[in-house]
Ligand code: GLU
């Protein structure tokens, strides 16, 4: 039995790309779950959550209630963080300091989202760390990815769909791909990668069906699953529905929000056709 899920972040209205993702996930599952990834409370909005429910119901999807919301799960994420304590370090760098440091270090390693964190705070000695802590500077917790990778050993994940380079089958994990990822911040009890693996395990998700823009993220998510001793789902990444210029839809593309398509008389059957289902 496949348990699948659609896990949108309510930071805007759903568009055609989301419709494709949700319908594809639902079609692959014997049990289809909806999860609201509203961990970043500064960017998420209650009216977007309501719109997600309305749009997905309109498309004809149903899911068990109550819907899991990440904003209610801080305690669980803190428990997970505690398990990673020996592999994490506080990072006091501001965004600007990171950019400057990367500019200074020629040949800084790049990940899928650009240059990776140069590891500045990983090298802090105990005294400077304690001093910065005591001064009340805000900090993020970062995973020491090299240490974590050494502890986890070689890993793989099973790709049933296709990555952006047509990756398929048993994929060897590149644990250092994103460098020392942020696990949590002062105002956020868990960053995306941590929250998503904890919740997929909590909800017994067996097949993660999602866009191939998240294929690379699977490498670091698989590492976190290993470190936390979580069950490992299979993955089915799918292609993205792009705008007429071949780009990902942006939040400003009001013309392709499900709300506007519905209001201009489109039907769920039309939407399915438009996304090639
Ligand atoms: N919440 C993520 C997003 O909206 C998706 C998470 C996932 O499918 O793993 O992009």
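Numbering (our numbering), first residue to last: 69 to 345.
Ideal Cβ placement from N, Cα and C applies to all residues, glycine included.
Contacting residues, own chain, Cβ-Cβ under 8 Å from residue i (five flanking each side not counted)
i           : result
residue 326 : 81, 82, 83, 84, 86, 87, 123, 126, 127, 339
residue 280 : 229, 230, 231, 232, 305, 306, 307, 308
residue 173 : 186
residue 316 : 85, 281, 308, 310
residue 166 : 185, 186, 188
residue 237 : 226, 227
residue 183 : 170, 176, 177
residue 319 : 79, 80, 81
Counted within 10 angstroms of its Cβ, other Cβ atoms place residue i as buried (16 or more) or exposed
i           : result
residue 305 : buried
residue 72  : buried
residue 187 : buried
residue 213 : buried
residue 261 : buried
residue 100 : buried
residue 205 : exposed
residue 278 : buried
residue 246 : buried
residue 113 : exposed
residue 132 : exposed
residue 134 : exposed
residue 337 : exposed
residue 210 : buried
Inter-residue Cα distance where the pair is residue i and residue j
i           : j           : result
residue 203 : residue 332 : 56 Å
residue 216 : residue 156 : 9 Å
residue 311 : residue 110 : 28 Å
residue 137 : residue 78  : 11 Å
residue 76  : residue 69  : 23 Å
residue 253 : residue 303 : 28 Å
residue 164 : residue 197 : 20 Å
residue 285 : residue 272 : 19 Å
residue 104 : residue 299 : 21 Å
residue 344 : residue 335 : 14 Å
residue 96  : residue 145 : 28 Å
residue 257 : residue 141 : 9 Å
residue 220 : residue 295 : 6 Å
residue 194 : residue 200 : 10 Å
residue 297 : residue 269 : 10 Å
residue 153 : residue 129 : 40 Å
residue 235 : residue 181 : 19 Å
residue 108 : residue 139 : 8 Å
residue 150 : residue 179 : 26 Å
residue 376 : residue 342 : As shown, the chain starts at 69 and ends at 345. That puts residue 376 outside it, with no answer to give.
Start-to-end residues for the beta strand (DSSP E) that takes in residue i
i           : result
residue 157 : 156-159
residue 224 : 224-227
Continuous alpha helix (DSSP H) stretch holding residue i: start and end
i           : result
residue 209 : It is not in any alpha helix (DSSP H) - residue 209 instead sits in the beta strand (DSSP E) that spans 208-211.
residue 30  : Any question about residue 30 goes unanswered here, given that the chain covers just 69 to 345.
residue 170 : 163-172
residue 339 : 336-342
residue 151 : 142-151
residue 331 : 326-331
Proximal residues to residue i (C-beta, below 7 Å), its chain only, five neighbours per side dropped
i           : result
residue 190 : 157, 212, 248
residue 92  : 277, 306
residue 241 : 223, 224, 225, 287, 290, 291
residue 321 : 83, 311
residue 161 : 188, 189
Cβ shell of residue i (< 6 Å), same chain only, five flanking positions each side left out
i           : result
residue 324 : 83, 84, 317
residue 208 : 159, 250, 253
residue 328 : 322
CB contact check: residue i to chain C, cutoff 9 Å
i           : result
residue 336 : Looking at the structure shown, chain C is missing, and only one protein chain is on hand.
Original post:
Quick one: complete alpha helix (DSSP H) runs, 4+ long, within the region 237-302?
Top reply: 260-270, 285-296
**OP:** Would you mind listing the beta strand (DSSP E) stretches within the region 71-131 that are 3+ residues and don't spill past its ends, in chain order?
**Re:** 71-74, 99-104
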